[in-house]
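Take any residue in the sequence shown, note its place counting from 1, add 36, and you have its number in the UniProt record's numbering.
In this text, a Cβ means the ideal position worked out from N, Cα and C, and glycines have one as well.
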Amino acid sequence: QGGVISRVAVQCTAAGRLALFSPSKINLFLRVMRRREDGFHDLASLFHVIDLGDDMTFELLPEGADRDQLSCSDPSIPSDDSNLVIKALHLFRRKTQTARFFGVTLQKKVPHGAGLGGGSGNAATTLWAANELMGRPATAAQLLQWSGEIGSDISVFFSLGAAYCTGRGEVVEDVAPPLPLTTPLLLVKPPVGLATPRIFKSLDLSRRSAADPLELLAGMTKAGATGSPLPQALCVHDLEQPAFDNLPELKELKERLASSPVGSSPQDSPGGAEQQRPAAVFMTGSGSTIVSVGCDTPPAFLADPNYKDMFVS
Ligand code: C5P
Numbered sequence: 037q038g039g040v041i042s043r044v045a046v047q048c049t050a051a052g053r054l055a056l057f058s059p060s061k062i063n064l065f066l067r068v069m070r071r072r073e074d075g076f077h078d079l080a081s082l083f084h085v086i087d088l089g090d091d092m093t094f095e096l097l098p099e100g101a102d103r104d105q106l107s108c109s110d111p112s113i114p115s116d117d118s119n120l121v122i123k124a125l126h127l128f129r130r131k132t133q134t135a136r137f138f139g140v141t142l143q144k145k146v147p148h149g150a151g152l153g154g155g156s157g158n159a160a161t162t163l164w165a166a167n168e169l170m171g172r173p174a175t176a177a178q179l180l181q182w183s184g185e186i187g188s189d190i191s192v193f194f195s196l197g198a199a200y201c202t203g204r205g206e207v208v209e210d211v212a213p214p215l216p217l218t219t220p221l222l223l224v225k226p227p228v229g230l231a232t233p234r235i236f237k238s239l240d241l242s243r244r245s246a247a248d249p250l251e252l253l254a255g256m257t258k259a260g261a262t263g264s265p266l267p268q269a270l271c272v273h274d275l276e277q278p279a280f281d282n283l284p285e286l287k288e289l290k291e292r293l294a295s296s297p298v299g300s301s302p303q304d305s306p307g308g309a310e311q312q313r314p315a316a317v318f319m320t321g322s323g324s325t326i327v328s329v330g331c332d333t334p335p336a337f338l339a340d341p342n343y344k345d346m347f348v349s
């Protein structure tokens with residue numbers, strides 16, 4: 037049970053210890069529908085879980101332990117109650133009336149401030165792991181439902197991997213995957229991350245797209261069913277405008293990726309044939325990662341000194 041988390045997560049189980057893979061996500065389109073009274077925004081977005089992820093281990097601490105222990109490879113990430121992993125454990129205890137605490141290690145590979153939902157994936161993995169270690173007091177549907185209380189894009193990790201998400205992002209509906217699993221994805225993120233609240237705050241609703249999200253979804257589902265490349269015209273991202281306003285070099289990065297060949301070396305185009313461009317290029321989440329779909333080799337321009345320190349995966 038547990039959707040995509042349960043399918044990808046378990047690497048090994050040994051004597052009460054779980055070693056898990058904690059995936060991340062991209063948004064193939066992201067429409068912001070309205071600003072709500074509670075300060076959040078209603079979204080309509082097609083989420084896709086991807087295989088870039090962190091490594092996590094979990095164990096139940098002995099009875100008598102009175103706090104969780106989180107050890108993270110990235111010292112810039114707080115390991116106190118503000119960390120989504122600890123929030124997920126508090127949530128789990130509260131909901132299941134459990135009094136036990138957990139030891140967690142987190143080897144970060146997914147950058148933060150990236151729009152990749154790395155922290156959200158960690159929270160989903162944590163909920164799932166705690167439930168396994170405690171003998172499954174909760175159903176997968178309950179974990180999904182509870183996860184929306186601590187973040188907007190955690191629930192998607194309990195989907196089957198491709199999901200149409202509405203509400204704050206926590207209302208999840210499984211859809212047919214629009215991208216074949218073999219589609220190469222290049223992720224490029226500048227050293228500067230973007231804070232989600234700031235990007236939503238600087239969104240000018242009058243500059244949004246008017247695209248109907250259900251039409252975008254239908255178009256993407258059709259492309260997936262017929263094996264066609266993801267259509268760029270359907271990759272509508274309302275948060276690109278505020279992200280580009282905050283970080284103008286991000287727009288330039290997107291344009292350069294869109295005009296770069298998907299294979300950067302000359303031998304990729306035998307006989308001088310015209311080199312292929314990516315099927316689609318877009319920003320994910322609230323940034324600052326740009327995704328190039330169909331690109332399996334980082335383009336040569338990323339070696340320029342201007343682009344040093346980029347995260348490339
Ligand atoms: O839910 P999450 O912790 O990811 O949200 C972080 C912040 O992003 C929120 O406090 C809110 O300012 C903004 N946000 C929003 N609408 C959403 C999701 C997030 O305004 N649907």
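Rounded straight-line distance, which links the Cα of residue j to that of residue i
| i | j | result |
| --- | --- | --- |
| W182 | V40 | 17 angstroms |
| L163 | P114 | 19 angstroms |
| D304 | Q311 | Bear in mind that the predicted position of D304 carries a pLDDT of just 49, short of 50, making it unreliable; the figure below should be weighed with that in mind. For D304 and Q311, the distance between alpha carbons rounds to 8 angstroms. |
| V317 | L289 | 10 angstroms |
| residue 352 | F137 | The question about residue 352 has no answer here: the residues shown for the chain are numbered 37 through 349. |
| P335 | V228 | 20 angstroms |
| R130 | V272 | 38 angstroms |
| G52 | E251 | 47 angstroms |
| T161 | G203 | 22 angstroms |
| D91 | Q143 | 5 angstroms |
| T257 | T218 | 16 angstroms |
| A176 | G197 | 14 angstroms |
| L179 | F76 | 22 angstroms |
| C201 | D104 | 31 angstroms |
| G184 | K344 | 37 angstroms |
| K287 | S109 | 31 angstroms |
| A159 | T320 | 19 angstroms |
| P147 | G89 | 10 angstroms |
| A315 | G139 | 43 angstroms |
| A199 | D78 | 16 angstroms |
| A294 | G171 | 48 angstroms |
| R313 | E291 | 12 angstroms |
| D117 | V298 | 42 angstroms |
| P249 | V68 | 10 angstroms |
| S296 | G260 | 24 angstroms |
| G263 | S191 | 28 angstroms |
| T325 | T141 | 25 angstroms |
| E209 | I186 | 19 angstroms |
| P341 | A124 | 40 angstroms |
| S107 | K145 | 14 angstroms |
| F236 | L230 | 11 angstroms |
| A247 | L241 | 13 angstroms |
| N167 | F193 | 15 angstroms |
| F280 | L270 | 19 angstroms |
| A80 | P226 | 26 angstroms |
| S112 | T232 | 18 angstroms |
Endpoints, alpha helix (DSSP H) assigned at residue i
| i | result |
| --- | --- |
| A339 | From DSSP, A339 is part of no alpha helix (DSSP H); its letter is neither H nor E. |
| A199 | Element bounds for A199: not the alpha helix (DSSP H) but the beta strand (DSSP E), 198 to 202. |
| A165 | 154 to 169 |
| L179 | 176 to 183 |
Beta-carbon spacing of residue i, residue j below 8 angstroms
| i | j | result |
| --- | --- | --- |
| T323 | L253 | Strictly speaking, residue 323 in this sequence is Gly, with Thr absent from that position. Not closer than 8 angstroms, so no. |
| N282 | R244 | no |
| L54 | T93 | yes |
| S188 | E206 | yes |
| L239 | P278 | yes |
| L169 | L56 | no |
| P59 | G157 | yes |
| V327 | L338 | no |
| P267 | G255 | yes |
| T132 | A165 | no |
Extent of the continuous beta strand (DSSP E) to which residue i belongs
| i | result |
| --- | --- |
| T325 | It is not in any beta strand (DSSP E) - T325 carries neither H nor E in the DSSP assignment. |
| A316 | 316 to 319 |
| V224 | 221 to 225 |
| D210 | 207 to 210 |
Residue i beta carbon near ligand 2 (any heavy atom closer than 7 angstroms)
| i | result |
| --- | --- |
| P278 | Ligand 2 is absent from the structure shown, which contains only ligand 1. |
Checklist entry - Would you call the region 203 to 223 and the region 322 to 332 in contact, with 3 or more CB pairs under 8 angstroms? => result yes
Next on the checklist: Check whether the region 99 to 107 and the region 63 to 78 touch, using three or more Cβ-Cβ pairs below 8 angstroms as the test.
Outcome noted: no
Next on the checklist: Taking 8 angstroms as the cut-off, does the region 56 to 71 touch the region 143 to 161 (at least 3 CB pairs, one atom from each stretch)?
Outcome noted: yes
Item to check | Given 8 angstroms, three or more beta-carbon pairs between the region 76 to 86 and the region 210 to 218 | outcome: yes
Checklist entry - Where in the region 236 to 290 do unbroken runs of the alpha helix (DSSP H), each at least 4 residues long, occur, reported from the N-terminal end onward? => result 249 to 262, 276 to 282
Item to check | Uninterrupted beta strand (DSSP E) stretches inside the region 69 to 141 (no shorter than 3 residues) | outcome: 77 to 96, 105 to 108
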